[in-house]
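Participant: First, the structure itself, so that you have it in front of you.
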Amino acid sequence: MDNPFDDDNGTFYVLVNDENQHSLWPVFAEVPDGWTVVFGQESRQACLDYVEKNWTDMRPASLIKAMEQTVPAAA
Numbered sequence: 901m902d903n904p905f906d907d908d909n910g911t912f913y914v915l916v917n918d919e920n921q922h923s924l925w926p927v928f929a930e931v932p933d934g935w936t937v938v939f940g941q942e943s944r945q946a947c948l949d950y951v952e953k954n955w956t957d958m959r960p961a962s963l964i965k966a967m968e969q970t971v972p973a974a975a
């Protein structure tokens with residue numbers, strides 16, 4: 901059986917969690933708890949393009965926040 905996440909002809913959602921991490925998700929599968937649909941139903945390529953455009957910082961949101969709190973403000 902082929903992996904449905906790699907199906908170039910499949911229809912997908914883009915999901916985002918509380919850490920601002922993105923995931924492609926096949927539309928036939930139930931969206932897991934903690935994830936929200938932010939784009940789709942679209943082709944796999946359209947979803948990949950959305951992720952590339954909108955997920956430019958791969959760090960989890962909690963890490964970004966922690967780093968911002970530890971970096972002294974510029975004078």
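Just add 900 to the spot in the sequence shown (first one is 1) and you have the working numbering. Note that CB positions come from ideal geometry on N, CA and C, so glycine has one too.
Per DSSP, which one or two residues make a beta bridge with TRP955?
Facilitator: Per DSSP, none; premise fails for TRP955.
Participant: Evaluate contact between the region 963-970 and the region 935-944, counting only Cβ atoms and requiring at least three cross-stretch pairs below 8 Å.
Facilitator: Taking 8 Å as the limit for Cβ pairs, the verdict is that the region 935-944 does not touch the region 963-970.
Participant: Kindly list the residues whose CB is nearer than 6 Å to the CB of THR911, restricted to its own chain and excluding five residues on each side of it in sequence; keep chain order.
Facilitator: Hits under 6 Å: VAL927, GLN941.
Participant: On the DSSP letters alone, give me the boundaries of the alpha helix (DSSP H) that GLU968 sits inside.
Facilitator: Taken as a continuous stretch (DSSP letters only), the alpha helix (DSSP H) holding GLU968 covers 961-970.
Participant: Does the Cβ of VAL914 have 16 or more other Cβ atoms within 10 Å, making it buried, or fewer, making it exposed?
Facilitator: Classification for VAL914: buried.
Participant: Candidates ASN920, PHE905, ASP906: which alpha carbon is nearest THR956's?
Facilitator: It is ASN920 whose Cα lies nearest to the Cα of THR956.
Participant: Whole angstroms is fine: what's the gap from VAL916's alpha carbon to ASN909's?
Facilitator: Whole-angstrom Cα-Cα distance: 22 Å.
Participant: Could you spell out the range, first to last residue, of the beta strand (DSSP E) harbouring GLU942?
Facilitator: Unbroken beta strand (DSSP E) run through GLU942: 935-943.
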